[in-house]
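Novice:
Protein chains: 2
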Amino acid sequence: MIRAAAQRLEGHARRTPLLSSPFLDEIAGRRVLVKPECLQHTGSFKFRGGWSAVSALDPETRKRGVIAFSSGNHAQGVALAAAQHGAPAVIIMPNDAPQLKIDNTRALGAEVVLYDRPGGESREAVGDRISSERGLTLIRPYDEPQVIAGQGTTGLEIAEQARAEGVETGDVLICCGGGGLTSGIAMALEADAPGLRARPVEPEGFDDVARSLISGGIETNNRQSGSLCDAIITPSPGEITFPIMSRLCGPGLVVTEEEALRAVALAFKRLKIVVEPGGAVALAAALFHADKIEGDAVIAVCTGGNVDADLFADTITKYD
Amino acid sequence: MIRAAAQRLEGHARRTPLLSSPFLDEIAGRRVLVKPECLQHTGSFKFRGGWSAVSALDPETRKRGVIAFSSGNHAQGVALAAAQHGAPAVIIMPNDAPQLKIDNTRALGAEVVLYDRPGGESREAVGDRISSERGLTLIRPYDEPQVIAGQGTTGLEIAEQARAEGVETGDVLICCGGGGLTSGIAMALEADAPGLRARPVEPEGFDDVARSLISGGIETNNRQSGSLCDAIITPSPGEITFPIMSRLCGPGLVVTEEEALRAVALAFKRLKIVVEPGGAVALAAALFHADKIEGDAVIAVCTGGNVDADLFADTITKYD
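These protein sequence lines are chains A and B, in that order. Start counting the first sequence at 1; every next residue gets the next number (the UniProt record's numbering). Start counting the second sequence at 1; every next residue gets the next number (the UniProt record's numbering).
Structure, rendered in structure tokens:
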């Protein structure tokens with residue numbers, strides 16, 4: 001399914017390069033290779049899964065439209081993928097999502113429905129209700145095989161690009177919310193680069209995946225908002241993604257919010273890329289938790305770049 | 001020479017992707033494709049020319065070392081290229097260059113010699129004196145065939161990538177200082193994509209190349225400093241680069257400093273890349289001078305991303 005998704009994505013998703021800097025290598029004490037999915041269409045890897053899911057629908061179903069719920073990046077990925085297929089898209093977003101993400105999603109042609117996060121229906125309930133009312137196909141952000149397959153195409157690229165860099169063994173660190181990207185990459189590496197091991201990275205206080213990998217069952221976060229790493233905050237790993245991660249991933253890593261912000265500032269200064277805090281936790285782990293990583297080289301996926309200008313400006317000047 | 005340089009650069013220089021955003025297309029009124037050379041090693045295209053020149057030296061000459069004078073980006077490009085070849089490098093820099101560029105050049109292993117820009121010897125005289133004293137090979141920033149050949153490899157990539165995007169005709173806008181990159185790209189396009197036309201872009205008040213292309217002779221800027229676009233401020237087009245540009249380039253374009261800063265902010269917001277003001281003038285022309293550009297698509301080379309955090313923070317919040 002991942003290889004089939006890669007064929008459908010060919011010429012539509014961007015093949016992001018692998019970046020590096022001798023300054024980052026020095027901090028980490030090993031070679032650091034960065035996969036900048038912030039450079040993907042819509043500013044995050046989510047376009048891959050969105051395109052994969054929309055392109056996999058039969059034409060009649062697709063014409064009726066799709067619906068997604070998302071704190072922002074999945075929204076934009078699905079919105080653009082739907083627009084490029086000529087399909088309507090309805091996006092359910094929490095009303096405290098960053099304004100840039102709400103604006104972008106609307107500008108990409110989607111109808112945005114805001115919901116109030118703390119009370120009322122869960123976002124899943126809102127999504128299910130609207131999709132059945134209008135005959136839309138719900139595209140879940142991670143617990144959806146075609147979405148996982150699309151995100152997994154990142155792993156096929158990493159396998160090939162790492163080999164070209166002479167890196168055959170080591171850890172691949174992935175910013176992890178529900179686990180769609182992490183499980184997709186893990187399967188792609190299993191097939192194409194068995195010496196590389198996927199490892200999820202999460203912010204402190206939202207380490208449901210790390211704890212789930214330890215306990216062997218699906219663990220839940222106490223809080224579901226209130227992190228600068230909003231893009232990767234989910235209640236728990238998915239029912240489809242968790243068994244994959246459990247079988248294939250190395251132990252999870254956890255970084256502080258400040259470490260994520262320092263990684264944002266270093267990605268600005270040394271790689272010239274814009275990464276949002278949630279998209280920088282894998283790089284933060286590569287740089288600041290070197291003792292928990294194995295191998296001469298580490299690969300970190302920077303998953304998204306949709307950050308408000310004020311927060312980015314504060315971060316790069318504070319940690320300059 | 002460009003193709004030979006491309007072979008020497010293979011596996012050393014980064015092949016930067018072509019980026020785009022529907023939001024930028026809407027501003028420009030046509031497709032905008034961006035070649036982000038800010039993602040090149042050392043944060044600018046200058047690494048290509050530096051590597052090309054250092055790698056072309058015979059081993060004995062290279063062992064004695066190289067010397068370069070530069071406001072910063074050429075310095076870093078030569079410093080890293082020399083370090084990776086195991087050759088010593090001396091870099092002559094003006095003492096008002098951005099601190100980040102001075103620091104980076106030193107950290108890349110080069111010996112930095114600062115000179116006082118307004119008075120005293122010209123930087124050319126300083127460079128010539130030190131290189132003859134120590135037996136170093138001077139690598140000029142643009143009027144140097146192997147440097148032009150290295151920068152021209154950007155054009156070979158553009159030709160191939162534009163074709164893959166279905167773009168066979170149109171303008172390729174290039175941030176232009178002395179003309180090394182512009183003349184190199186112009187020759188590469190002549191050979192590989194004759195429907196694409198190179199056009200230099202400069203900041204207002206420093207439009208020596210645009211005026212030279214009109215007059216047919218080498219024109220000079222009145223000022224040689226005092227621009228936020230410091231990276232591309234040179235006294236005049238080169239004696240080698242100007243005849244090439246005169247033969248192959250379309251008319252030059254000129255943008256205001258404010259337009260360059262707005263392009264920096266849009267590249268942050270829409271492309272998730274960090275571009276310095278001088279590296280954004282081509283994108284600024286693509287976005288804000290659409291009436292002076294021909295074709296359904298335009299390609300803009302963002303040439304560098306070595307900008308201080310304070311200036312970048314001010315720019316993205318002011319023009320958000």
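Note that the Cβ used here is the ideal one computed from N, Cα and C, for glycine as well.
1. Residues in its own chain within less than 6 Å of lysine 46 of chain A by CB, not counting five upstream and five downstream?
2. Which complete beta strand (DSSP E) runs does the segment 188-272 of chain B hold, if anything under 3 residues is left out?
3. What whole-angstrom Cβ distance do glycine 278 of chain A and cysteine 302 of chain A have, given they're in contact under 8 Å?
4. Note down, in chain order, every chain A residue with its Cβ under 8 Å from the Cβ of isoleucine 316 of chain B.
5. How many angstroms separate the CA atom of proline 200 of chain A from the CA atom of valine 209 of chain B?
6. Output needed for aspartate 143 of chain B: all residues of its chain with C-beta closer than 7 Å, excluding positions within five of it in sequence on either side, in chain order.
7. Mind checking who glycine 170 of chain A pairs with in its DSSP beta bridge?
8. Which residues in chain A have a C-beta closer than 8 Å to the C-beta of glycine 305 of chain B? List them in chain order.
9. Am I right that proline 34 of chain A and aspartate 25 of chain A are in contact with their C-beta atoms under 8 Å? What's the rounded C-beta distance?
10. Roughly how many whole angstroms lie between the Cα atoms of glutamate 258 of chain A and alanine 290 of chain A?
11. Given that a residue counts as buried once 16 or more other Cβ atoms are within 10 Å of its Cβ, and exposed if not, what is threonine 154 of chain A?
12. Cα-Cα, which of A:Leu266, A:Ile299 and A:Gly50 is closest to alanine 89 of chain A?
13. Report yes or no: do the segment 116-136 of chain A and the segment 146-161 of chain A share at least 3 C-beta pairs separated by less than 8 Å?
14. Say whether chain A places a C-beta atom closer than 9 Å to the C-beta of asparagine 221 of chain B.
15. Could you spell out where the beta strand (DSSP E) holding isoleucine 299 of chain B opens and where it closes?
16. Return the residues of the segment 39-52 of chain A that lie within a Cβ-Cβ distance of less than 7 Å from chain B, sorted by chain order.
17. Could you pull out every residue in the same chain whose Cβ sits closer than 7 Å to the Cβ of alanine 87 of chain B, ignoring the five residues on either side in sequence?
18. What residues from chain A crowd round aspartate 320 of chain B, counting only those whose CB sits closer than 7 Å?
19. Judging by CA-CA distance, which residue of B:His12, B:Ala231 and B:Gly170 is the nearest neighbour of alanine 82 of chain B?
20. If you draw a straight line from the alpha carbon of proline 235 of chain A to that of asparagine 221 of chain A, how long is it in whole angstroms?
21. Is the separation between the beta-carbon of glycine 305 of chain A and that of glutamate 276 of chain A shorter than 9 Å?
22. Alpha carbon to alpha carbon, how far is residue 322 of chain A from leucine 181 of chain A?
23. At least one CB of chain A closer than 9 Å to the CB of asparagine 104 of chain B: is that the case?
24. Can you pull the chain B residues whose beta carbon is under 8 Å from the beta carbon of arginine 15 of chain A, in chain order?
25. Under a three-way DSSP split, which group does cysteine 176 of chain A fall into?
26. Where do the N-terminal and C-terminal ends of the alpha helix (DSSP H) with arginine 123 of chain A fall, by residue?
27. Of all Cβ atoms in chain A, is any one closer than 9 Å to the Cβ of glycine 11 of chain B?
28. Anything in chain A within Cβ reach of alanine 107 of chain B, meaning under 9 Å, just list it in chain order.
29. Against chain A, does phenylalanine 268 of chain B count as a neighbour if the rule is that its beta carbon must be under 9 Å from one of theirs?
30. Give a yes or no on whether 9 Å exceeds the smallest Cβ distance from alanine 260 of chain B to chain A.
31. Under three-state DSSP, which class holds threonine 137 of chain A?
32. In whole angstroms, what separates the C-alpha of serine 246 of chain A from that of glycine 216 of chain A?
33. Could you check which residue in B:Leu213, B:Asp308 and B:Ala297 has the C-alpha nearest to that of cysteine 229 of chain B?
34. When burial is assigned at 16 or more other CB atoms within 10 Å of the CB, is alanine 164 of chain B buried or exposed?
35. Establish whether the CB of leucine 33 of chain A and some CB of chain B are separated by less than 9 Å.
36. For glutamate 111 of chain A, which residues does DSSP report across the bridge?
Specialist: The structure says:
1. Position 46 of the first sequence, counted from the start, is the residue given in the question as residue 46 of chain A. Taken in chain order, the residues that qualify are Asn73, His74 and Gly77.
2. Fully enclosed beta strand (DSSP E) runs of 3 or longer: 196-203 and 253-255.
3. Numbered from 1 along the first sequence, position 278 holds the residue referred to as residue 278 of chain A. Numbered from 1 along the first sequence, position 302 holds the residue referred to as residue 302 of chain A. Between cysteine 302 of chain A and glycine 278 of chain A the Cβ distance is about 10 Å, and since that is not below 8 Å, they are no contact.
4. To locate residue 316 of chain B, count along the second sequence from 1; it is residue 316. Below the 8 Å Cβ cutoff, chain A contributes Ala309, Phe312 and Ala313 as neighbours of isoleucine 316 of chain B, in chain order.
5. Counting from one through the first sequence, the residue named residue 200 of chain A turns up at place 200. Counting from one through the second sequence, the residue named residue 209 of chain B turns up at place 209. For proline 200 of chain A and valine 209 of chain B, the gap between their C-alpha atoms comes out near 51 Å.
6. As a working note, residue 143 of chain B is residue 143 in the second sequence. Excluding sequence neighbours, aspartate 143 of chain B sits near Gly178, Gly238, Glu239, Ile240 and Thr241.
7. The residue you call residue 170 of chain A lines up with position 170 of the first sequence. For glycine 170 of chain A, the beta-bridge partners assigned by DSSP are A:Leu196.
8. Numbered from 1 along the second sequence, position 305 holds the residue referred to as residue 305 of chain B. Within 8 Å Cβ-Cβ: Lys272.
9. To locate residue 34 of chain A, count along the first sequence from 1; it is residue 34. To locate residue 25 of chain A, count along the first sequence from 1; it is residue 25. Per the sequence shown, the amino acid found at residue 34 of chain A is valine instead of proline. 11 Å between Cβ atoms; not a contact.
10. Sequence index remark: in the first sequence, residue 258 of chain A carries index 258 (1-based). Sequence index remark: in the first sequence, residue 290 of chain A carries index 290 (1-based). Annotation: glutamate 258 of chain A to alanine 290 of chain A spans about 16 Å, alpha carbon to alpha carbon.
11. As a working mapping, residue 154 of chain A is identified with position 154 in the first sequence. Buried, by the Cβ-count rule.
12. Position 89 of the first sequence, counted from the start, is the residue given in the question as residue 89 of chain A. Relative to alanine 89 of chain A, the option among A:Leu266, A:Ile299 and A:Gly50 whose CA is nearest is A:Gly50.
13. Contact between the segment 116-136 of chain A and the segment 146-161 of chain A is absent, because fewer than three Cβ pairs lie under 8 Å.
14. Taking the first residue of the second sequence as 1, we reach residue 221 of chain B at position 221. Using a CB distance cut-off of 9 Å, asparagine 221 of chain B does not count as an interface residue toward chain A.
15. Residue mapping note: residue 299 of chain B aligns to position 299 of the second sequence, counting from 1. Its beta strand (DSSP E) spans residues 297-302.
16. Residues passing the 7 Å Cβ filter: Leu39 and Gly43.
17. As a working note, residue 87 of chain B is residue 87 in the second sequence. Only residues of its own chain outside the window of five on either side were considered, and among them Val54, Arg62, Lys63, Gly65 and Val66 have a CB closer than 7 Å to the CB of alanine 87 of chain B, listed in chain order.
18. What you label residue 320 of chain B is simply residue 320 of the second sequence in a count that begins at 1. What aspartate 320 of chain B touches in chain A: Ala309.
19. Taking the second sequence and counting its residues from 1, one reaches residue 82 of chain B at position 82. Of all alpha-carbon atoms in B:His12, B:Ala231 and B:Gly170, the one lying nearest the alpha-carbon of alanine 82 of chain B is that of B:His12.
20. In the first sequence, counting from the first residue as 1, residue 235 of chain A sits at position 235. In the first sequence, counting from the first residue as 1, residue 221 of chain A sits at position 221. Roughly 6 Å between the two C-alpha positions.
21. Position 305 of the first sequence, counted from the start, is the residue given in the question as residue 305 of chain A. Position 276 of the first sequence, counted from the start, is the residue given in the question as residue 276 of chain A. Against a cut-off of 9 Å, the Cβ pair of glutamate 276 of chain A and glycine 305 of chain A comes out as a contact.
22. With chain A covering 1 to 320 only, the question about residue 322 of chain A has no answer from this structure.
23. The count along the second sequence starts at 1 and reaches residue 104 of chain B at position 104. True, the Cβ-Cβ gap to chain A drops below 9 Å.
24. The count along the first sequence starts at 1 and reaches residue 15 of chain A at position 15. Against arginine 15 of chain A, the close residues of chain B are Pro17, in the order they occur along the chain (beta-carbon pairs closer than 8 Å).
25. The residue given as residue 176 of chain A occupies position 176 in the first sequence. Note: cysteine 176 of chain A maps to coil in three-state DSSP.
26. Taking the first sequence and counting its residues from 1, the one referred to as residue 123 of chain A is at position 123. Where arginine 123 of chain A is concerned, the enclosing alpha helix (DSSP H) starts and stops at 123-134.
27. Here residue 11 of chain B is taken as the residue at index 11 of the second sequence, counted from 1. At least one chain A Cβ lies under 9 Å of glycine 11 of chain B.
28. Counted from its first residue, the second sequence places residue 107 of chain B at position 107. Against chain A, the beta carbon of alanine 107 of chain B has neighbours under 9 Å at Pro22, Phe23 and Glu26, listed in chain order.
29. Locating residue 268 of chain B in the second sequence gives position 268, counting from the first residue. It does: the Cβ of phenylalanine 268 of chain B has a partner Cβ on chain A nearer than 9 Å.
30. For the purposes of this step, residue 260 of chain B is identified with residue 260 of the second sequence, where counting begins at 1. Closer than 9 Å: no.
31. Numbered from its first residue, the first sequence carries residue 137 of chain A at position 137. Threonine 137 of chain A carries a strand assignment under DSSP once its states are collapsed to helix, strand and coil.
32. For the purposes of this step, residue 246 of chain A is taken as the residue at position 246 of the first sequence. For the purposes of this step, residue 216 of chain A is taken as the residue at position 216 of the first sequence. Their Cα atoms are separated by approximately 7 Å.
33. To locate residue 229 of chain B, count along the second sequence from 1; it is residue 229. Nearest C-alpha to cysteine 229 of chain B: B:Asp308.
34. Within the second sequence, residue 164 of chain B is the residue found at index 164, counting from 1. So alanine 164 of chain B ends up on the exposed side.
35. Locating residue 33 of chain A in the first sequence gives position 33, where the first residue counts as 1. Under the Cβ criterion of 9 Å, leucine 33 of chain A is not counted among the residues facing chain B.
36. Position 111 of the first sequence, counted from the first residue, corresponds to residue 111 of chain A. DSSP lists A:Val90 as partners of glutamate 111 of chain A.
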